[in-house]
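Chains as they are written, first to last, in my numbering: chain A, 17 to 130; chain B, 1131 to 1244.
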Amino acid sequence: GESVGLHLPTLSVQEGDNSIINCAYSNSASDYFIWYKQESGKGPQFIIDIRSNMDKRQGQRVTVLLNKTVKHLSLQIAATQPGDSAVYFCAENGVTGGGNKLTFGTGTQLKVEL
Amino acid sequence: GAGVSQSPSNKVTEKGKDVELRCDPISGHTALYWYRQRLGQGLEFLIYFQGNSAPDKSGLPSDRFSAERTGESVSTLTIQRTQQEDSAVYLCASSLDGNTDTQYFGPGTRLTVL
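Here it is, written out as structure tokens:
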């Protein structure tokens, strides 16, 4: 069946290092992918998204890479800061045009060590 | 403007009681979504509203769960005869319309069924 999963449940990085969080998806019809950050006790916060007609998209300190050949998505965070500590979820929308549920992965806990 | 708001933030109830959870989407957003998040898990889709109608109810886990939306604004999620397995955080999200994929989440309601 369709699934979105993460390779690593926990990622520990040193402050100032770059972080890479990975995600695999299985629905080849997905054309939209999104990363959310969730801090303890809060709802998911939008970070960055990408459509399937792109391979890379950059935001402020974050970059999302999409490899459709192997159905892999990654989130890169540059110069990781303590405030980046959170659980990161990837999600996909398998149908163009929105109005559909997002399918979420189980999440990766990012821990930033001082 | 204001983001998605939800109330109550916490709800503790006894097994067998009914509960109502409320969501106020971002003003002007016509699409509204409910998700459930169990402890340490990703988000599970429950139901999607476009306007006041619900074209996708596929995620509702049982007939004890229902939701409605009025005035293309506020939505309530009702759980009847609550069970301990209903304990979770219930998250609401909204998007501009049914053709917009980016969903913005509220802080959630933490439901504990004793």
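By construction, the Cβ of each residue, glycine as well, lies at the ideal position given by its N, Cα and C atoms. Note that the structure is a prediction, hence the values are computed from the model and not measured.
For a contact meaning CB atoms closer than 7 Å, what does residue i contact in chain B?
i, result
"A:Y48", "D1231"
Excluding five sequence neighbours on each side, which residues of the same chain lie with their C-beta closer than 7 Å to the C-beta of residue i?
i, result
"A:G17", "Residue placement at A:G17 cannot be trusted, given a pLDDT of 36 that sits under 50; the coordinates are not used to answer."
"B:T1135", "Checking the sequence shown, residue 1135 of chain B turns out to be Ser, not Thr. Contacts found: D1154, G1236."
"B:E1144", "L1244"
"B:P1138", "T1239"
"B:T1196", "According to the sequence shown, residue 1196 of chain B is Ser rather than Thr. Same-chain partners within the cutoff: T1208."
"B:L1190", "L1176, I1177"
"A:I93", "N34, S35, R77, V78, D100"
"B:R1194", "I1209, Q1210, R1211"
"B:S1192", "none"
Roughly how many angstroms lie between the CA atoms of residue i and residue j, to the nearest whole one?
i, j, result
"B:L1151", "B:R1166", "12 Å"
"B:I1156", "B:Q1233", "10 Å"
"B:R1211", "B:F1175", "21 Å"
"A:K127", "B:A1223", "26 Å"
"A:L118", "B:I1177", "11 Å"
"B:Q1171", "B:N1182", "29 Å"
"A:Y41", "A:K87", "5 Å"
"B:A1218", "B:V1142", "11 Å"
"B:Q1214", "A:C39", "31 Å"
"B:A1184", "B:A1161", "10 Å"
"A:F62", "A:F105", "10 Å"
"A:S28", "A:Q97", "12 Å"
Would you say residue i faces chain A, with C-beta separation under 8 Å as the test?
i, result
"B:P1155", "no"
"B:P1237", "yes"
"B:L1169", "no"
"B:A1132", "no"
"B:L1151", "no"
"B:G1158", "no"
"B:Y1234", "yes"
"B:L1241", "no"
"B:Y1178", "yes"
"B:V1142", "no"
Using a C-beta to C-beta distance shorter than 8 Å, which residues of chain A count as neighbours of residue i?
i, result
"B:F1175", "K117, L118, T119"
"B:L1221", "G59, P60"
Is the Cβ of residue i closer than 8 Å to any Cβ of chain B?
i, result
"A:T7", "No information on residue 7 of chain A is available, as it lies outside the stretch 17 to 130 that chain A covers here."
"A:K58", "yes"
"A:N109", "yes"
"A:S71", "The sequence as given places Asp at residue 71 of chain A; Ser does not occur at that position. No, its Cβ sits nowhere closer than 8 Å to a Cβ of chain B."
"A:D65", "yes"
Residue i versus chain A: which residues are under 7 Å apart at the beta carbon?
i, result
"B:G1189", "K117"
"B:E1172", "One point to set straight first is that residue 1172 of chain B is Gly, not Glu, in the sequence displayed. Per Cβ cutoff of 7 Å: F105, F120, G121, T122, G123."
Could you name the residues of the same chain whose beta carbon sits closer than 6 Å to that of residue i, not counting the 5 residues immediately before and after it, in chain order?
i, result
"B:V1204", "D1154"
"A:V103", "Q54, G123, Q125"
"A:F49", "I66, L89, E108"
"B:D1148", "Q1210"
"A:I37", "L91, Y104, T124"
Here's a check: name, in chain order, each residue in its chain whose Cβ is nearer than 8 Å to the Cβ of residue i, leaving out the five neighbours to either side.
i, result
"A:S68", "S46, D47, Y48, F49, L82, K84"
Mind listing, in chain order, the continuous beta strand (DSSP E) runs of no fewer than 3 residues lying wholly within the region 1159 to 1222 of chain B? 1161 to 1167, 1173 to 1180, 1183 to 1186, 1195 to 1199, 1205 to 1209
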